[in-house]
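Start counting the sequence shown at 464; every next residue gets the next number (our numbering).
We treat Cβ as the ideally placed atom computed from N, Cα and C, and that holds for glycine.
Presented below is the structure to which this report refers.
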Amino acid sequence: MKALKFTGALGAMLVSTGAWAEYKLNMTPGVTEFSHIAYGLHMRILWICVVIGVLVFGAMIYSMIAHRKSKGVEPARFSHSTTAEIIWTIIPILILLFMAYPATKGLIAMEAPHDKPDLIVKVTGFQWRWRYDYLNEDVGFISSLDQESNRVRQLKSGENPGQVKDYLLNVDHPLVLPVGKQVKFLLTADDVIHSWWVPALGWKRDAIPGFVNEAWTKIEKPGIYRGQCAELCGRDHGFMPIVIKAVTPEEFEAWVAEQKKSAMAGQEIQPIADQS
Ligand SMILES: [Cu+2]
Numbered sequence: 464m465k466a467l468k469f470t471g472a473l474g475a476m477l478v479s480t481g482a483w484a485e486y487k488l489n490m491t492p493g494v495t496e497f498s499h500i501a502y503g504l505h506m507r508i509l510w511i512c513v514v515i516g517v518l519v520f521g522a523m524i525y526s527m528i529a530h531r532k533s534k535g536v537e538p539a540r541f542s543h544s545t546t547a548e549i550i551w552t553i554i555p556i557l558i559l560l561f562m563a564y565p566a567t568k569g570l571i572a573m574e575a576p577h578d579k580p581d582l583i584v585k586v587t588g589f590q591w592r593w594r595y596d597y598l599n600e601d602v603g604f605i606s607s608l609d610q611e612s613n614r615v616r617q618l619k620s621g622e623n624p625g626q627v628k629d630y631l632l633n634v635d636h637p638l639v640l641p642v643g644k645q646v647k648f649l650l651t652a653d654d655v656i657h658s659w660w661v662p663a664l665g666w667k668r669d670a671i672p673g674f675v676n677e678a679w680t681k682i683e684k685p686g687i688y689r690g691q692c693a694e695l696c697g698r699d700h701g702f703m704p705i706v707i708k709a710v711t712p713e714e715f716e717a718w719v720a721e722q723k724k725s726a727m728a729g730q731e732i733q734p735i736a737d738q739s
C-alpha cells in the first residue's frame with residue numbers, strides 16, 4: 464500500500480507540469496556577453512564529457528559482453544604498450560587544449576573590455592548589506608533585505624510565513640543600471656570578505672576590505688536580475704541579496720535625476736517603483 468502511494472505521488476509530481484515550468488536543469492545563459500561566454504564554455508565541456516562518457520562506457524560494456532569468459536575468450540597477456548601510452552597521453556592533451564583555449568580567451572575578455580566605461584559603480588559589502596555609489600553621478604544608497612522577507616525570516620519555525628514573493632531574494636533599493644551601456648564595477652568591503660554575485664551577469668567578484676576589485680558588464684535586456692553574497696561572511700550571510708533593475712538608458716537618466724533631486728531635498732533615496 465505504501466509503495467502504491469509513493470508511486471502515485473511520484474506520478475503526480477511527474478505529470479504536474481506547473482512544477483516543471485519553474486524547474487531548470489541547465490545553467491542559465493544570462494544577459495551579458497560574458498555570461499554567454501561562460502554558458503558556451505559550459506555547454507562545450509558538457510558535450511566533451513558526454514562523448515568521453517559514451518566512448519569509455521561503450522568500450523567497457525562492449526568488452527564485457529563480447530569478450531566474456533563463458534564464450535571461452537582468453538585474456539591477452541602483454542604488460543606494456545608504448546603505442547597505447549602515446550595515444551592516451553596525446554588525446555587528453557588535445558582535449559585539454561580544446562577546452563583551455565576558449566576558456567583563457569573568455570577570461571581575458573572579462574578582465575579587459577575594449578570600451579571605455581559609461582558608468583562606474585562602486586560596490587561596498589557590509590555585514591549584511593550592500594552599498595552602491597554611482598561615482599560619476601554623485602548618487603549612492605544602501606541596499607538591504609526587503610522588510611517582508613526580514614519579518615518572515617524571524618518567525619519561529621512552525622508559524623505560517625505566508626506567501627512572500629521572492630523570499631530572501633528581494634531588497635528595499637535595487638541597483639538600477641542602464642542596458643546597452645558599459646558598466647564598470649569597483650568592488651570592496653568595509654568589514655569582512657563578501658562576494659558580489661549575480662549569475663545573469665556571468666561572473667562573481669570578491670569584495671575584500673582594503674582591496675578594490677574590478678569587473679565589467681553590459682546588460683543586453685531590461686529586467687530584474689537577482690543574486691546573493693557568495694562568501695560566507697557571518698551570521699546573516701544568507702540575508703544580503705542583490706537585485707539589479709536593468710532599465711533603458713532614458714529611464715535610467717530619469718531615475719538618476721530623481722535621486723539627485725531627493726538627495727538635495729535631504730530625503731531618503733526612493734526605490735524605483737515596482738520590482739516584478
Ligand atoms: Cu556577505
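(request) Just the C-alpha distance for Cys692 and Tyr595, rounded to the nearest angstrom, thanks. (result) 14 Å
(request) Take Cys512 and list the residues in its own chain whose beta-carbon comes closer than 7 Å to its own, dropping the five residues that flank it on each side. (result) none
(message) Looking only at its chain, what residues have a beta carbon closer than 7 Å to the beta carbon of His657, apart from the 5 residues adjacent to it on each side?
(response) Gly588, Ala670, Cys692, Glu694, Cys696
(message) Considering only the alpha carbon of each residue, which of Ala678, Ile554, Leu570, Asp578 lies closest to Ile515?
(response) Ile554
(request) With DSSP as the reference, label Phe641 as helix, strand or coil. (result) Before going further, note that residue 641 is Pro rather than Phe in the sequence given. Residue state, collapsed to three classes: strand.
(message) What does the Cβ neighbour count give for Phe561, buried or exposed, with the cut at 16 atoms within 10 Å?
(response) exposed
(message) Please report the distance separating the alpha-carbon of Arg698 from that of Lys708.
(response) 27 Å
(message) Going by DSSP, what residue range makes up the alpha helix (DSSP H) through Trp504?
(response) The sequence given here places Leu at residue 504; Trp does not occur at that position. Where Leu504 is concerned, the enclosing alpha helix (DSSP H) stretches over 496-529.
(request) Just the C-alpha distance for Glu713 and Lys723, rounded to the nearest angstrom, thanks. (result) 16 Å
(request) Report whether the distance from the Cβ of Gly690 to the nearest heavy atom of ligand 1 is below 8 Å. (result) no
(request) State the DSSP-derived secondary structure class of Tyr630, mapped to helix, strand or coil. (result) coil
(message) With three or more C-beta pairs closer than 8 Å as the rule, is the region 650-664 touching the region 628-635?
(response) no
(request) Kindly identify the DSSP beta-bridge partner or partners of His571. (result) Going by the sequence as given, residue 571 is Ile instead of His. According to DSSP, Ile571 bridges with nothing at all.
(request) In the DSSP assignment, find the beta strand (DSSP E) that holds Lys708 and state where it starts and stops. (result) 705-710
(request) State buried or exposed for Arg592, treating a residue as buried only when at least 16 other CB atoms are found within 10 Å of its CB. (result) buried
(message) As a quick exercise: from Ser606, Ala575, Val661, pick the residue whose alpha carbon is nearest that of Gln590.
(response) Ser606
(message) Considering just the uninterrupted stretch of the alpha helix (DSSP H) at Ser606, what are its terminal residues?
(response) Premise fails: Ser606 lies in the beta strand (DSSP E), 602-606, not in any alpha helix (DSSP H).
(message) Could you compute how far the alpha carbon of Ala717 sits from the alpha carbon of Pro580?
(response) 20 Å
(request) Would you mind working out which of Leu608, His505, Gly535, Ala547 sits nearest Glu565, comparing C-alpha positions? (result) The sequence given here has Pro at residue 565, not Glu. Residue His505 is the option with its Cα nearest to Pro565.
(request) Pair every Cβ in the region 665-680 with every Cβ in the region 642-656, then say whether three or more of these pairs are closer than 8 Å. (result) yes
(message) Going by C-alpha to C-alpha distance, which of Thr711, Ala720, Ile687, Val719 sits closest to Ile705?
(response) Ile687
(request) Please report how far the alpha carbon of Glu600 lies from the alpha carbon of Lys619, in whole angstroms. (result) 43 Å
(message) Quick check on this structure: which residue in Glu496, Ala501, Ile528 has the alpha carbon closest to the alpha carbon of Met490?
(response) Ala501
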